[in-house]
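Take a look at the structure below.
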Amino acid sequence: MAASSPTEHASGQTSSTALVTGAASGMGLAVAERFLAEGWTVLGVDRDGDALAKAASDLGFAFRPVPVDITDRAALSTALDRSHGLSGATGLRAVVNAAGIYPPTTLADFDEAAYRRIFDVNVLGTLNTIAETVPALRTAGGGAVVNFASIDALAVSPGQLLYSASKAAVVTLTRSLGVELAADGITVNAVAPGWVDTPGTRAGGRIEQAVATIPLGRAARPEEIADWVWKLCDGSYMTGETLVISGGLTVR
Numbered sequence: 118m119a120a121s122s123p124t125e126h127a128s129g130q131t132s133s134t135a136l137v138t139g140a141a142s143g144m145g146l147a148v149a150e151r152f153l154a155e156g157w158t159v160l161g162v163d164r165d166g167d168a169l170a171k172a173a174s175d176l177g178f179a180f181r182p183v184p185v186d187i188t189d190r191a192a193l194s195t196a197l198d199r200s201h202g203l204s205g206a207t208g209l210r211a212v213v214n215a216a217g218i219y220p221p222t223t224l225a226d227f228d229e230a231a232y233r234r235i236f237d238v239n240v241l242g243t244l245n246t247i248a249e250t251v252p253a254l255r256t257a258g259g260g261a262v263v264n265f266a267s268i269d270a271l272a273v274s275p276g277q278l279l280y281s282a283s284k285a286a287v288v289t290l291t292r293s294l295g296v297e298l299a300a301d302g303i304t305v306n307a308v309a310p311g312w313v314d315t316p317g318t319r320a321g322g323r324i325e326q327a328v329a330t331i332p333l334g335r336a337a338r339p340e341e342i343a344d345w346v347w348k349l350c351d352g353s354y355m356t357g358e359t360l361v362i363s364g365g366l367t368v369r
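With the working numbering as the guide, the letters of the sequence shown map in order to residues 118 to 369.
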């Protein structure tokens, strides 16, 4: 797997390219910043065009915004190919599927619309992104895919019925694609964060109470999750695995 094949970048420097979904905020933004700090070019994918434009303004020319909804594969293909020539790219070496949604659901209150929204973003969006980027990874001679699962895929939380199920699906597709893409030199792994201190998590109103249950006594910082994503992309013998990053929460 190689994260070391450089491509020419606008400043005259060389850079590998990473594609990051959910790149406008939270852990996706932290992942984008981590790759940029390593000298990579980042294709930042997000459906929130305004937030993505702000990220591009803050992060500079090496962050290339791709405003598109990953649940629409045709639109994703068009956005990547027309705007960035991805189908002919040789420098794409990493794909990080950080986009996700987590509205609460239970058996008593779920409906078909909630099911489709959660699975469309968390599962179908991940599959669409991998399907549209694997040809470029193959052209580059291999690379890494990192999917965002969740601790809820392994140790479920009350009120997260469909979210937990969707992230369990991400764990399984990670295992399947780890096998399917191994011959192409493409590793496929997942991270399963526990509680992470992001604006979205804080908006849910449960993080303060949850921190008391974490052996390390705090939520993770987005940058800490991004560090593990980087390690999985910067050369790895692992594939098909899910790395739990929970501050010790799952060992209880």
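Just so you know, even glycine gets a beta-carbon here, dropped at the ideal spot from N, CA and C.
query                                                                                                                                                            : result
Going by beta carbon distance, what residues of the same chain come within less than 6 Å of E340, once the five residues before and after it are set aside?      : A147
Please determine, among K171, V213, W157, R323, the residue with the shortest C-alpha to C-alpha distance to F265.                                               : V213
In angstroms with no decimal places, state the Cα-to-Cα distance between V137 and A216.                                                                          : 8 Å
Do G139 and G317 have their C-beta atoms closer together than 8 Å?                                                                                               : no
Can you tell me which of the three DSSP states I362 falls into?                                                                                                  : strand
Using only the alpha-carbon positions, how far apart do N245 and T367 sit?                                                                                       : 30 Å
Mapping the DSSP letters down to three states, classify L153 as helix, strand or coil.                                                                           : helix
Does the stretch 284-294 touch the stretch 329-346, meaning 3 or more C-beta pairs lie closer than 8 Å?                                                          : no
Could you round the C-beta distance between W312 and V287 to whole angstroms and report it? I think they count as a contact, below 8 Å.                          : That belief does not hold up - the Cβ atoms of W312 and V287 are roughly 18 Å apart, past 8 Å.
Just to confirm the assignment, what range does the alpha helix (DSSP H) spanning R292 have?                                                                     : 278-297
For T330, does the count of other Cβ atoms within 10 angstroms reach 16, so buried, or fall short, so exposed?                                                   : exposed
Counting only runs of 3+ residues fully inside the stretch 300-335, write out the beta strand (DSSP E) ranges in chain order.                                    : 303-310
On the CB-based measure, 16 or more other CB atoms within 10 Å of its CB, does G205 come out buried or exposed?                                                  : Caution is warranted here: a pLDDT of 48 is assigned to G205, below 50, making its placement in the model unreliable, and the coordinate value is therefore given only provisionally. By the neighbour-count rule (16 or more Cβ atoms within 10 Å), G205 is not buried but exposed.
Give the range of the beta strand (DSSP E) segment to which T134 is assigned.                                                                                    : 134-138
Looking at C-beta atoms only, is the number of pairs between the stretch 174-181 and the stretch 237-244 that lie closer than 8 Å three or more?                 : no
Alpha carbon to alpha carbon, how far is T222 from A275? Give it in angstroms, no decimals.                                                                      : Position check: residue 275 holds Pro in this sequence, whereas Ala was assumed. The alpha-carbon atoms of P275 and T222 are separated by roughly 9 Å.
At 4 residues or longer, and completely inside the stretch 172-223: list those alpha helix (DSSP H) runs for me, N to C.                                         : 190-201
Going by other Cβ atoms of all chains shown within 10 Å of its Cβ, with 16 needed for buried, is Y219 buried or exposed?                                         : buried
What are the boundary residues of the alpha helix (DSSP H) that F236 is part of?                                                                                 : 229-236
Taking its Cβ as the centre, do 16 or more other Cβ atoms sit within 10 Å of E249, making it buried, or is it exposed?                                           : buried
For the beta strand (DSSP E) containing D344, name the first residue and the last one.                                                                           : Note, D344: premise wrong, no beta strand (DSSP E); alpha helix (DSSP H) at 339-350.
Compute the Euclidean distance between the alpha carbons of Y232 and A309, then round it to the nearest angstrom.                                                : 21 Å
Going straight from the alpha carbon of E358 to that of D175, what length do you get?                                                                            : 33 Å
How is L271 classed by DSSP in three states: helix, strand or coil?                                                                                              : coil
So, for A343: in the same chain, excluding its five sequence neighbours on each side, which residues have a beta-carbon less than 8 Å away from its beta-carbon? : M144, A147, V148, E150, R151
Going by C-alpha distance, which of D163, D269, Q277 is nearest I362?                                                                                            : D269
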